[in-house]
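S.K.: The structure follows.
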Amino acid sequence: MLADTLMEEGYEVRPTSSGERALMAVQAQQPELIILDLRMPGMDGFEVCRRLKEQPEIRDIPVLFLSAASEVEERVKGFSMGAVDFITKPFQRDEMLARVRTHLQLSRLQNRLEAMVGQRTAELNVSNDCLQKELEEKIAAEESLKESEQRFRQMIEMSPYAVALSDAEDNIEYLNGKFVETFGYGPQELTTVKKWWLLAHPDEKYRESIIAQWREKIDMAFKNHREVEPTTVDVTCKDGEVKTIEISASLIGDKALVVFHDVTERKQSEERLKTSLKEKETLLRELYHRTKNNMQVICSLLTLKMIDSDDEKLKDEFREMESRIHSMALVHQKLYSSKNLSIINLGEYISELSGALLSNRKTPPEKVTIDENVDDINIFIDVAVPLGLIINELISNALKHAFPGGKTGRITITGKKYEDEIIELKIADDGIGLTPGIDLRKACGLGMKSVFALAEYQMRAAISYESSCGLSFTLKFKNAMHGERL
């Protein structure tokens with residue numbers, strides 16, 4: 052009869068004939084509420100309740116006992132074992148439904164509050180529309196639900212956050228223990244919201260600004276039937292200490308449940324982190340700057356040696372060394388002048404590097420041109436340094452060998468970015484190409500050896516070349532995924 056009554060009210064009910072079957076049913080699918088008859092065949096209701104409370108995953112499911120009105124001692128025993136209520140049999144339909152509805156609401160409310168507390172690390176969202184509706188239903192409930200209000204206040208009292216409840220007249224009805232602990236103000240001092248504003252924000256201009264901001268959020272929440280958006284303010288405590296507090300609220304009928312989350316330590320940690328990051332950025336920029344300057348000094352020394360030498364072969368070697376060092380110095384120059392200290396733009400880097408190579412080799416622009424078609428690609432420093440050396444080597448080789456006898460020609464550089472951070476870079480010239488039978492991987496020159504070594508071992512890239520109408524190199528690699536460093 053009890054099950055039929057509940058099902059008529061729209062509840063999904065799973066009746067069982069014994070305590071053992073009840074335990075199996077709960078394990079198979081956890082219910083929201085359990086009603087146990089004290090008198091069951093085999094295992095009685097007390098034993099079933101004891102076993103339920105021993106299991107952490109189901110111990111919090113509310114248990115109601117069904118008992119005769121004369122079983123006073125058994126009621127006491129049931130409460131001590133964790134039961135939340137008793138239904139007297141023969142039961143009154145309206146009373147039974149009210150108790151079931153009340154404890155379902157209490158259980159859902161408790162689960163909601165626990166979930167909210169678990170979600171709060173950096174910010175606090177006190178409640179959602181479902182919780183607000185349940186709280187409104189609780190306040191509007193009949194006299195028989197006073198017990199649920201008391202249980203609700205007990206949960207708020209145990210909350211790790213400071214909580215206050217105010218009415219429509221801005222009277223403060225309730226402050227939990229955490230509120231007094233956090234701010235030092237007690238219920239006797241804070242009887243109205245106005246007194247709170249005066250004590251918490253003694254500076255008049257700041258107080259007026261906060262009040263205006265808060266009232267605007269309250270009005271917006273009331274119009275949209277949702278919780279009040281969190282706001283962060285500085286609060287002066289009773290002992291004079293100023294704390295940074297994140298405040299949020301839920302409107303429950305004509306009342307406001309306000310939660311105060313002390314984020315002072317978090318804010319101080321953020322400020323320390325910002326200071327540390329700024330210092331690190333300054334240090335890193337100085338490091339890039341000094342590295343670039345040291346490389347430029349080396350380039351200058353090589354230039355002086357090249358001027359003093361009459362050996363053209365030695366001059367070429369000095370020139371190649373200088374261009375390699377310049378390619379690395381250019382990476383540090385780009386990083387030094389960039390807002391982001393860990394990435395550079397590939398197209399801009401190639402443009403500056405190719406221009407420097409043309410100028411360094413004194414190649415007339417009407418003789419050899421370099422066309423660039425590179426997507427907007429940002430590469431990490433882990434890739435930029437070895438890639439710069441490879442690009443430098445390939446362009447230098449093309450300028451040196453592809454157009455003998457002052458022939459005119461063109462060098463084309465294309466860069467594409469694909470899914471999964473795969474980048475394809477192609478450097479091609481329309482020069483004389485390779486002599487048939489030559490394998491560049493077996494070349495004895497240091498330049499080509501370094502190209503393949505840097506590509507395959509340091510960048511872990513796929514590199515290939517072909518010689519048909521000139522010579523072209525294709526490089527496929529993945530951008531470094533170590534994250535941006537500051």
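Just so you know, we're using the working numbering here: the sequence shown kicks off at 52 and counts up by one. Note that the Cβ used here is the ideal one computed from N, Cα and C, for glycine as well.
Pick helix, strand or coil for H252, following the three-state DSSP scheme.
M.R.: H252 falls in the coil class under three-state DSSP.
S.K.: Buried or exposed, going by whether 16 or more other CB atoms sit within 10 Å of the CB of V177?
M.R.: Confidence at V177 is low in this model, with a pLDDT of 46, below 50, so the placement of that residue is unreliable and no value is reported for it.
S.K.: Thinking just about the alpha-carbon of each residue, which of I430, L241, A453 and Q509 is nearest to the one in N530?
M.R.: Looking at the Cα atoms, I430 is the closest of the given residues.
S.K.: For G484, which residues in the same chain have their Cβ closer than 6 Å to its Cβ, ignoring the five residues on either side in sequence?
M.R.: Cβ neighbours of G484 beyond the five flanking positions: S518, G521 and L522.
S.K.: In angstroms, rounded to a whole number, what distance separates the CA positions of R159 and V151?
M.R.: Their backbone Cα atoms lie some 12 Å apart in a straight line.
S.K.: Is V314 helix, strand or coil when you go by DSSP?
M.R.: Correct three-state label for V314: coil.
S.K.: E417 by DSSP, collapsed to three states: which one?
M.R.: Note: E417 maps to coil in three-state DSSP.
S.K.: Are any of the Cβ atoms in chain B nearer than 9 Å to that of S131?
M.R.: Of the protein chains in the structure, only one exists, and it is not chain B.
S.K.: Leaving out five residues on either side along the sequence, give the residues of the same chain with a beta carbon under 8 Å from the beta carbon of G498.
M.R.: Contacts found: E371, E444, S447 and N448.
S.K.: Taking the beta carbon of G406 as the centre, do at least 16 other beta carbons fall within 10 Å, making it buried, or is it exposed?
M.R.: So G406 ends up on the exposed side.
S.K.: Check whether the stretch 456-470 and the stretch 419-428 are in contact - that is, three or more C-beta pairs closer than 8 Å.
M.R.: Judged by Cβ distances under 8 Å, the stretch 456-470 makes contact with the stretch 419-428, as three or more pairs qualify.
S.K.: What is the rounded straight-line gap between the Cα of T139 and the Cα of F203?
M.R.: Approximately 24 Å between the Cα atoms of the pair.
S.K.: Could you tell me which residues DSSP puts in a beta bridge with A307?
M.R.: The partner list for A307 (beta bridge, DSSP) reads S217 and L302.
S.K.: Note down the Cα distance separating D290 from H252, rounded to an integer number of angstroms.
M.R.: Near 13 Å, if we compare the C-alpha coordinates of H252 and D290.
S.K.: Compute the Euclidean distance between the alpha carbons of T233 and K274, then round it to the nearest angstrom.
M.R.: Cα-Cα distance, rounded: 31 Å.
S.K.: Please state whether DSSP places P437 in a helix, a strand or coil.
M.R.: Here P437 sits in helix by DSSP.
S.K.: With C-beta atoms as the reference, is A307 less than 9 Å away from S393?
M.R.: Cβ distance not < 9 Å, so A307 and S393 don't count as in contact.
S.K.: Since L226 contacts L241 with CB under 8 Å, what's their CB separation in whole angstroms?
M.R.: Confirmed, about 7 Å.
S.K.: Tell me, which residues are paired with Y225 by DSSP?
M.R.: Partner(s): L216.
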